[in-house]
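**Student:**
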DNA sequence: GCCATAAGTCATCAATCGATGACTTCAAGT
DNA sequence: ACTTGAAGTCATCGATTGATGACTTATGGC
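Chains as they are written, first to last, in my numbering: chain A, 9 to 197; chain B, 9 to 197.
1. Could you check the C-alpha separation between residue 75 (chain B) and residue 135 (chain B) for me, to the nearest Å?
2. May I ask you to report which of helix, strand or coil DSSP gives residue 172 (chain A)?
3. Considering residue 164 (chain A), what are the terminal residues of the alpha helix (DSSP H) in which it resides?
4. Note the first and the last residue of the continuous alpha helix (DSSP H) segment covering residue 27 (chain B).
5. Would you identify the three-state DSSP class for residue 124 (chain A), choosing helix, strand or coil?
6. Does the region 31-49 of chain B come close enough to the region 181-195 of chain B to have 3 or more Cβ pairs within less than 8 Å?
7. Got a sec: which bits of the region 158-176 of chain B sit with their beta carbon under 8 Å from any beta carbon on chain A, in order along the chain?
8. Check the Cβ of residue 135 (chain A) against every Cβ in chain B and list those closer than 9 Å, keeping chain order.
9. Roughly how many angstroms lie between the CA atoms of residue 146 (chain B) and residue 20 (chain B), to the nearest whole one?
10. Between which two residues does the alpha helix (DSSP H) harbouring residue 100 (chain B) extend?
11. Hey, does residue 95 (chain B) have any beta-carbon neighbour from chain A nearer than 7 Å?
12. Could you compute how far the alpha carbon of residue 93 (chain B) sits from the alpha carbon of residue 197 (chain B)?
13. Against chain B, with Cβ distances strictly below 7 Å, would residue 123 (chain A) count as a contact?
14. Any residues in the region 29-51 of chain A with a beta carbon nearer than 8 Å to a beta carbon of chain B? Which ones, in chain order?
15. For residue 279 (chain A), which residues of its own chain have a beta-carbon under 6 Å away from its beta-carbon, when the five flanking residues on both sides are left out?
16. Please check if any C-beta of chain B sits within less than 7 Å of the C-beta of residue 147 (chain A).
17. In the DSSP assignment, the alpha helix (DSSP H) including residue 182 (chain A) goes from what residue to what residue?
18. Is the CB-CB distance between residue 71 (chain A) and residue 121 (chain B) below 7 Å?
19. Assign residue 132 (chain B) to one of three DSSP states: helix, strand, or coil.
20. Considering only the alpha carbon of each residue, which of B:95, B:56, B:27, B:48 lies closest to residue 194 (chain B)?
21. By the criterion of Cβ-Cβ separation under 7 Å, what are the contact partners of residue 152 (chain B) in chain A?
22. Going by other Cβ atoms of all chains shown within 10 Å of its Cβ, with 16 needed for buried, is residue 170 (chain B) buried or exposed?
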């Protein structure tokens, strides 16, 4: 039963266990706020003992830092061609949870904006891995301001869609709103 | 010392005490996430005993509901003239905490998007008091989608400014970004 | 001036949280 | 095969939380 996961693996594999905890934490933190995620929950999802969370990551805050580390990496998502940036970003953000692989961290971000100990962490990461690279890609006048504007848009869309489940973003009118959002972002490019 | 607050008031005034708790909770909830606000903190800020919070509001969740009740009320903010809507909203959202009287609830909203028990509460309130009235004001084609777009923008701006303290929104480049944001919102009107 | 009732205070409970240390079990090196 | 150290388990601590009930104090009608 339990060994029906990884093909090989001597049942006791520290690296694999660590990775399982990290994966479970990534999911938990992207669906609930920082305070509402317990180390016991993460351990249960990962199928390991609760004590291993503290053992491998030191503390819950360290675990959180490991989750958001390198989680945004927008560059690879949009470095291809700027012409479809608006639609691409909107699709990624408004898309379902399963897809949008690289945007788990975005959901993590908007769940963590309330904790004074966590917010600076995630804010810095977001600035470093999203806003700044985006500004560098945009070039031209006021690139920084336009990048910040796009970032605000992305966060707002993600909050309404995943944080508040606003009805306006699902169904027929949601497609229209998504198209408008894509155009608005594209206007900043 | 203690009586240097309200001019008159027989020291034991239930309504006044209740209002003090509510005011303190409003401030707390707008600065910290739902879980990070303790009933003891609120009571301490209000200068009352901690037990009175549960006595007057029943529970922490009821207190939260009382805080966000009628907190958005955008209509009076923008019913005047739609021509200056973009600038007006941006000024309100990006403005300092002291001003922006009616927008405390917006900060409360973006702090509470992570709690599955609270998010529907605040989402419904936001939809009822902001998005829907705004859509009714906009009229024309796709009014609902455009209202949702403006709402997403407002939430994104508020999150970056008050939730993440993004540096791009302060200083000189912040003014440029604010102007761009105002124009973008105005384009949805 | 008294007294019934509302308002406020205090102590405390039960649950949950993150974290720690001692103990047990497995896997690998020789 | 035996030993050694890592990997995993278990029990539990201390702090904090929301909430409750019994108790004390002040207020206003008579």
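Beta carbons are placed, not taken as given, at the ideal position from N, Cα and C, and that holds for glycine. Since we're looking at a predicted model, the values are computed, not measured.
**Tutor:** With the given structure in hand:
1. Cα to Cα, the separation comes out at about 16 Å.
2. For residue 172 (chain A), the secondary structure class from DSSP, reduced to helix, strand or coil, is coil.
3. Counting along the chain, the alpha helix (DSSP H) containing residue 164 (chain A) begins and ends at 151-166.
4. In this chain, the alpha helix (DSSP H) harbouring residue 27 (chain B) covers 22-39.
5. Reduced to three states, the DSSP call for residue 124 (chain A) is coil.
6. Too few Cβ pairs lie closer than 8 Å, so no.
7. Flagged, chain order: 159, 160, 161, 162, 163, 164, 165, 167, 168, 171, 172, 173, 174, 175, 176.
8. The answer, in chain order, is 172, 174, 175, 176.
9. Near 48 Å, if we compare the C-alpha coordinates of residue 20 (chain B) and residue 146 (chain B).
10. Its alpha helix (DSSP H) spans residues 93-102.
11. For residue 95 (chain B), the nearest beta carbon of chain A is not closer than 7 Å to its own beta carbon.
12. Roughly 8 Å separates the two Cα atoms.
13. For residue 123 (chain A), the closest Cβ of chain B is nearer than 7 Å.
14. If the cut-off is 8 Å between Cβ atoms, the region 29-51 of chain A has 40, 41, 42, 43, 44 near chain B.
15. Residue numbering for chain A in the displayed model covers 9 to 197; residue 279 (chain A) lies beyond these limits and cannot be assessed.
16. Contact of residue 147 (chain A) with chain B is not assigned, every C-beta pair being separated by 7 Å or more.
17. Unbroken alpha helix (DSSP H) run through residue 182 (chain A): 180-194.
18. Going by C-beta atoms, residue 71 (chain A) is not nearer than 7 Å to residue 121 (chain B).
19. Residue 132 (chain B): helix per DSSP, three-state reduction.
20. Closest by alpha carbon: B:95.
21. Those are 176, 181, listed as they occur along chain A.
22. Taking every protein chain shown into account, the CB of residue 170 (chain B) has 16 or more other CB atoms within 10 angstroms, so this residue is buried.
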